[in-house]
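Below: one structure, written as structure tokens.
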Amino acid sequence: MKHALLILAAALAFGTAGAASAQDHDHSGHANHGLAAASHGEDHAEHAHDAAHFVSARHAEHTLRDTISSLQAGTPDYDGMVPELAEAVRTQSAAMTPALAALGELQTLENIGEPQPGVHQFRATFANGQALTWSISINGENKIQGLLIQ
55 MKHALLILAA
65 ALAFGTAGAA
75 SAQDHDHSGH
85 ANHGLAAASH
95 GEDHAEHAHD
105 AAHFVSARHA
115 EHTLRDTISS
125 LQAGTPDYDG
135 MVPELAEAVR
145 TQSAAMTPAL
155 AALGELQTLE
165 NIGEPQPGVH
175 QFRATFANGQ
185 ALTWSISING
195 ENKIQGLLIQ
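Last residue of the sequence shown: 204 (the working numbering), numbering continuous.
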């Protein structure tokens with residue numbers, strides 16, 4: 055199963071992520087999301103990051119939560135991805151969906167950094183106890199342009 059997860063990704067050129075409409079995005083649908091975002095915001099304040107970065111990281115987290123859920127259910131939002139990523143996910147979905155579903159429900163999603171501008175990394179821990187690192191990049195059109203599982 056681990057090998058299927060490692061190849062999921064369309065490690066496309068991660069570019070600068072735009073936070074277009076991130077401020078208008080409703081984050082209230084995730085009970086744990088609010089707590090994670092609040093503590094994440096305090097960390098950002100302590101490190102003097104600007105508000106745009108904080109909003110972008112929160113939006114990336116929300117988008118990743120939705121993406122993980124839809125991938126596990128076998129219903130990826132292809133319209134929310136750039137065409138190259140959508141095609142890669144379509145190609146890999148037959149192997150990817152059962153492997154991701156076997157992880158169980160997402161338990162925690164922790165922002166662990168921004169290895170390059172616009173690329174957000176998260177540590178996702180699932181009900182079966184496995185933890186994976188996910189990287190996501192969202193472009194200025196609010197579409198996922200890069201997605202990688204390690």
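All C-beta atoms, glycine included, are put in the ideal place defined by N, C-alpha and C.
Per DSSP, THR129 lies in no beta strand (DSSP E) and is assigned neither H nor E.
Residue burial annotation: THR151 is buried, with at least 16 other C-beta atoms found within 10 angstroms of its C-beta. Inter-residue distance for GLN175 and LEU201 is about 10 Å (C-alpha atoms, whole angstroms). For the pair LEU160 and ALA181, the CB atoms are nearer than the 9 Å cut-off. DSSP places LEU139 within a helical segment (H, G or I) once states are collapsed to three.
A straight line joining the alpha-carbon of ASN165 with that of ARG177 spans about 7 Å. For the pair ALA127 and ALA155, the CB atoms are nearer than the 9 Å cut-off.
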